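Q: Start counting the sequence shown at 40; every next residue gets the next number (our numbering). Following this message is one structure expressed as structure tokens.
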Amino acid sequence: MTRSTLAARLQEPEQPEPASSGNFQRTGDDRDRFHVAIIMDGNGRWARERGRPRVAGHVAGATAVRRTVESAPELGITTLTLYAFSSDNWRRPQGEVGDLMRLFQIHLNSECARLADKGVRLSVIGRRDRLPDPLKRAITHVEERTSEGTALHVRIAIDYSAREALLVAAGCVAEGIRPTRQAFERSVHEAIHAPRGTRDVDLLIRTGGEQRLSDFLLWECAYAELFFTDVMWPDFSEADFASAVQGFAARDRRYGGLSRTRLSY
Ligand code: FPP
């Protein structure tokens, strides 16, 4: 499937609005046409297979992040959301958590100018209050510096829990009052860091051989196509990425309706 075929596929007329309120991309920004999310799993096993410490897997994982971000625009991707640290990952040994926080900070600082040059906007989703101050500063800096980017929106999820975000949304509607659907959706969009105009996830990729969602983008993935691969994240190549996107382009997205070829029933 060529890029232009994929682009044509993504511009096909929309299916009717599903009963589920999750597909808020229909009111969204027309430029946001293809949202891919990735659960980057397998760094630890990649390192173990090589007799190296887990942090070596995370460092190699950061290189894979750069590679993936660079190849995303070529694949027609307009929003790329990467799961870097779940709220449950705080349970890992302190040393590993510290290594990861430092790695995020170093990576954001070192990639900042490059991202800005390439027109990539970077933002971080998730809780910020528990992050170390140097990382918080790096996030603020990169978000400000890249805020005008329009070539690609990269969202990195750090201290992220989809359930937590939905609970926050539920808590934001006035206590004791049954919210209207619109009021609740507004609250959800705010809590999940997806202002109206942010597109639902079209394709969710998980590396590392597991086949689960791990509390990632539960609302936005209501109609996502899922792609699981045994490739460990540090090994995830441009070719692997392109092949996942090609597989997506061939899928028949029905949103609960009928396939286009069967609409004459
Ligand atoms: C899951 O693999 C990966 C993580 C918890 C960390 C993700 C971090 C990176 C990809 C590195 C840098 C990221 C950025 C944004 C610069 P795992 O450690 O759970 O692997 P395992 O299942 O093999 O143990």
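Even for Gly, the Cβ is constructed at its ideal location relative to N, Cα and C. As the structure is a prediction and not an experimental result, all values here were calculated from the model.
Answer yes or no: do residue 281 and residue 114 have a C-beta to C-beta separation smaller than 9 Å?
A: Yes, the Cβ-Cβ distance between residue 281 and residue 114 is below 9 Å.
Q: Please report how far the alpha carbon of residue 180 lies from the alpha carbon of residue 171, in whole angstroms.
A: Whole-angstrom Cα-Cα distance: 14 Å.
Q: Mind checking who residue 118 pairs with in its DSSP beta bridge?
A: Answer is 74, 192.
Q: Which runs of the beta strand (DSSP E) at least 3 residues long sit entirely within the stretch 89 to 163? Give them in chain order.
A: For the stretch 89 to 163, whole beta strand (DSSP E) runs of length 3 or above, ordered along the chain, are 118 to 125.
Q: Taking 8 Å as the threshold, find out whether the stretch 102 to 119 comes into contact with the stretch 179 to 199 through three or more Cβ pairs.
A: These segments touch.
Q: Is any non-hydrogen atom of the ligand FPP found closer than 8 Å to the C-beta of residue 272, if you look at the structure I gave you?
A: Because some heavy atom of the ligand FPP lies under 8 Å away, the Cβ of residue 272 counts as near it: yes.
Q: Straight-line CA distance for residue 140 to residue 216?
A: Distance between the alpha carbons of residue 140 and residue 216: 40 Å.
Q: Return the bridge partner residues of residue 199 from the DSSP annotation.
A: Paired residue(s): 125.
Q: Looking at residue 241 and residue 74, is the spacing between their C-beta atoms short of 9 Å?
A: Yes. Within cutoff.
Q: Just the Cα atoms here: how many angstroms apart are residue 89 and residue 265?
A: Spanning the two alpha carbons is a distance of roughly 29 Å.
Q: To the nearest angstrom, how far is it from the Cα of residue 260 to the Cα of residue 129?
A: C-alpha separation (whole angstroms): 24 Å.
Q: Taking residue 257 as part of the beta strand (DSSP E), name the residues at either end of that continuous run.
A: Residue 257 -> no beta strand (DSSP E), and no H or E assigned at all.
Q: Using the DSSP secondary-structure output, state which residues sit across from residue 243 in a beta bridge.
A: The partner list for residue 243 (beta bridge, DSSP) reads 76, 265.
Q: Cβ of residue 279 within 8 Å of any heavy atom in the ligand FPP?
A: Residue 279: no, Cβ never under 8 Å from the ligand FPP.
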